[in-house]
Amino acid sequence: MAVSPSSQPLVQLTHVTKSFGPVQVLKDVSLELNRGEVLCLAGENGAGKSTLIKILTGAIPRDAGEYRIDGQDVGSPSPAQARELGVGVVYQELSLLREVSVEENLLMGRLPARRAVVNKRELRARATSMLERVGLSRVDPGMLVSDLPVATRQMVEIAKVLGANARIVIFDEPTTSLSEEDAQRLLQLINRLKKEEGVAVLYVTHRLEEIFEIGDRITVLRDGQLITTAPANQFTHDSLIRSMVGRQIEALYPERQHKQFGKTVLSVQGLRLQGSPYSINLEVRAGEILGLGGLVGAGRTETVRAIFGADRVDAGKVYVDGTLLHPWSPGQAVKAGLGLLTEDRKELGILADLSIRENVTIADLSEVSRLDVISQKQEVSLVRQLVPRLRLKYQSTEQPISSLSGGNQQKVLLSRWLATKAKVLLLDEPTKGVDVGAKADIYTIIGDLAAHELGIVVVSSYLPELLGICDRVVVLHDFGVTGELPIEDATEEEVLRLASSTPVSMNA
15 MAVSPSSQPL VQLTHVTKSF GPVQVLKDVS LELNRGEVLC LAGENGAGKS
65 TLIKILTGAI PRDAGEYRID GQDVGSPSPA QARELGVGVV YQELSLLREV
115 SVEENLLMGR LPARRAVVNK RELRARATSM LERVGLSRVD PGMLVSDLPV
165 ATRQMVEIAK VLGANARIVI FDEPTTSLSE EDAQRLLQLI NRLKKEEGVA
215 VLYVTHRLEE IFEIGDRITV LRDGQLITTA PANQFTHDSL IRSMVGRQIE
265 ALYPERQHKQ FGKTVLSVQG LRLQGSPYSI NLEVRAGEIL GLGGLVGAGR
315 TETVRAIFGA DRVDAGKVYV DGTLLHPWSP GQAVKAGLGL LTEDRKELGI
365 LADLSIRENV TIADLSEVSR LDVISQKQEV SLVRQLVPRL RLKYQSTEQP
415 ISSLSGGNQQ KVLLSRWLAT KAKVLLLDEP TKGVDVGAKA DIYTIIGDLA
465 AHELGIVVVS SYLPELLGIC DRVVVLHDFG VTGELPIEDA TEEEVLRLAS
515 STPVSMNA
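Start counting at 1 in the sequence shown, then tack on 14, and there's your number in our numbering.
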């Protein structure tokens, strides 16, 4: 039975203000969330979205303003009190314990027990019911979370939140690590929870098409201020971007121009990832942007890591600018002219405690050293040469990279590889966790780098991105190539068809 939104808002934030030291991150922000609706919260990184979520979930107190649930002032609740009031949150980085069973994760802190002895039959029954609620009736509650695919873990996290009697569920970038197919399943679940159970949903994402697909209303924040709240059908794609960034972005993707590619700068021959029966052959020419498409688990990240020498392979050779990569290692790859932008920027990319200067120069200190002594003056000079080219917004080369937005951190990492005079860049999910304004910058930068005759390989789970910036798309499935599409023949439907096909080159 469908549930219609109530006339009284379930959640009300009124004139909320929050500062950290001298920096005001929320300025007089008001927000209402109704039963049975999806309110999408849009804004660039640094707009105040995360701070607003933390206030709603009790992670931090507000400085001023009111917070009401069901019309009652709830003060500044603790996280536990917020959960008791029915507020749940599903973060991009899941809170499940990997080496603990699904059922124990679902009922953590609420295990059915008597005299410190867990009632396993009741635990199994309650967990099964919670899983069925989110369409996971086939999942064994006794399985370890680590044995589940990423998309299934996401659904288990949602089941856990709903099982705690959440009436208000906040989704923070929930589809970032999901395939298009899994993302669609998640959106369908959210729609069902809204319509059939009257759950109030606050949905945060950088993917604009998801906002228009799922949102009933949209609230836009910019620089900590409420810009507008309106029904989703009153926005266009362009007007929403304009509200978010405060300026007109003429085109998200650079205008496609006829290109003349140069010589082959990357040749991958007979690459066989560990345990795979399939071999991968790729070529990239100077000035070309090659896209690697496929579903989650297809082997895209493993392929670029293997090319870079970061992962072992069963067979294959890599040539950079005609020279065989030997020995096959990250250090040799950097010397040969390869650069790798990893998918996990926080864990495998930035050095969070170091400055912008140190993060840029660390891949090749020989450029800024003399007699094995690093020259800080040369480092600063190199950084100042590179960053204007990448539209980096920063105050000082000495500020910690962790103080930058996700988009600007990504630009620093690109600068790192330009400092090594890389000939080929391997970019794994280059706009993951990046807001729409920074995405447009990164797309332009990638195009500019290709125009300066770098060969570029882009891995992306976001099909419009692959089709918007690449010259050619190679599709993977099960660690093998299923097909190759020139960009003029590439459509989302064709890429998805190939992503579910059998690889074409099996080793004898």
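Using N, Cα and C, we set each Cβ at its ideal position, and we do this for glycine too.
Inset, instruction - Would you list the residues sitting across from residue 462 in a DSSP beta bridge? - result: Against the sequence shown, residue 462 aligns to sequence position 448. Paired residue(s): none; residue 462 is not in a bridge.
Inset, instruction - Measure the alpha-carbon distance for residue 241 versus residue 57 and round it to whole angstroms. - result: The residue labelled residue 241 in the question sits at position 227 within the sequence shown. The residue labelled residue 57 in the question sits at position 43 within the sequence shown. Answer to the nearest angstrom: the Cα atoms are 10 angstroms apart.
Legend entry - In chain order, each beta strand (DSSP E) run of at least 3 residues that lies wholly inside the region 199-273: The qualifying runs are 214-218, 231-236, 239-245.
Inset, instruction - Would you be able to state if there are at least three C-beta pairs under 8 angstroms between the region 284-294 and the region 478-487? - result: no
Inset, instruction - Using three-state DSSP, classify residue 107 as helix, strand or coil. - result: Translated into positions along the sequence shown, residue 107 becomes position 93. It is coil, neither helix nor strand.
Inset, instruction - Starting from residue 115, follow its DSSP beta bridges and name the residues at the other end. - result: One-based indexing of the sequence shown puts residue 115 at position 101. Answer is 158.
Inset, instruction - For the beta strand (DSSP E) holding residue 295, just list the boundary residues, first then last. - result: For the purposes of this step, residue 295 is taken as the residue at position 281 of the sequence shown. Note, residue 295: beta strand (DSSP E), 294-299.
Legend entry - Three-way DSSP call (helix, strand, coil) for residue 73 in this model: Along the sequence shown, read from residue 1 onward, the residue named residue 73 stands at position 59. Collapsing the DSSP output to three states places residue 73 in coil.
Inset, instruction - Could you please give me the residues that DSSP links to residue 491 through a beta bridge? - result: Against the sequence shown, residue 491 aligns to sequence position 477. Bridge partners of residue 491: 494.
Legend entry - Residue environment, residue 465, which counts as buried when at least 16 other CB atoms sit within 10 Å: Position 451 of the sequence shown holds residue 465. So residue 465 ends up on the exposed side.
Inset, instruction - List the DSSP bridge partners of residue 500. - result: For the purposes of this step, residue 500 is taken as the residue at position 486 of the sequence shown. Residue pairing by DSSP places residue 500 opposite 486 in a beta bridge.
Inset, instruction - Please work out which residues of its chain come closer than 7 angstroms, Cβ to Cβ, to residue 260, disregarding the five sequence neighbours upstream and downstream, and give them in chain order. - result: Position 246 of the sequence shown holds residue 260. Within the same chain, and ignoring the five residues on either side of residue 260 in sequence, the residues whose Cβ sits closer than 7 angstroms to its Cβ are 236.
Legend entry - the region 139-153 / the region 166-180 touching (three or more Cβ pairs under 8 angstroms): yes
Inset, instruction - Grab me the residues of residue 60's own chain with a C-beta within less than 6 angstroms of its C-beta, minus the 5 sequence neighbours each way, in chain order. - result: In the sequence shown, the residue the question calls residue 60 occupies position 46. Within its own chain, the residues whose Cβ lies closer than 6 angstroms to the Cβ of residue 60, once the five positions on either side in sequence are excluded, are 419, listed in chain order.
Legend entry - Same chain only: Cβ atoms within 6 angstroms of residue 239, ignoring 5 sequence neighbours per side: Numbered from 1 along the sequence shown, position 225 holds the residue referred to as residue 239. If we look at residue 239 and ignore the five residues flanking it on each side, its Cβ neighbours are 41.
Inset, instruction - Let me know if residue 32 comes out buried or exposed under the rule of 16 or more other beta-carbons within 10 Å of its beta-carbon. - result: Along the sequence shown, read from residue 1 onward, the residue named residue 32 stands at position 18. Residue 32 comes out buried.
Inset, instruction - Excluding the 5 residues preceding and the 5 following residue 213 in the sequence, name in chain order all residues of the same chain whose CB lies nearer than 7 angstroms to its CB. - result: In the sequence shown, the residue the question calls residue 213 occupies position 199. Result list for residue 213: 181, 183, 207, in chain order.
Inset, instruction - Using only the heavy atoms of the ligand ADP, determine whether one of them is closer than 7 angstroms to the beta carbon of residue 210. - result: This structure lacks the ligand ADP, and indeed carries no ligand of any kind.
Inset, instruction - Decide yes or no for the touch test of the region 508-515 against the region 300-310: beta carbon pairs closer than 8 angstroms, at least 3 of them. - result: By the criterion of at least three beta-carbon pairs nearer than 8 angstroms, the region 508-515 is in contact with the region 300-310.
Legend entry - Cβ-based neighbour list, residue 283, same chain, cut-off 7 angstroms, excluding 5 preceding and 5 following: To locate residue 283, count along the sequence shown from 1; it is residue 269. Answer for residue 283: 295, 330, 331, listed in chain order.
Inset, instruction - Please list, in chain order, all residues of the same chain as residue 314 whose beta carbon is under 8 angstroms from its beta carbon, the five residues on each side excluded. - result: Translated into positions along the sequence shown, residue 314 becomes position 300. 306, 307, 308, 442, 473, 490.
Legend entry - For residue 349, the first and last residue of its enclosing beta strand (DSSP E): Here residue 349 is taken as the residue at index 335 of the sequence shown, counted from 1. Segment 344-350 is the alpha helix (DSSP H) holding residue 349; no beta strand (DSSP E) there.
Inset, instruction - Classify residue 306 as helix, strand or coil using the three-state DSSP reduction. - result: Numbered from 1 along the sequence shown, position 292 holds the residue referred to as residue 306. The answer is strand: DSSP assigns residue 306 an E or B state.
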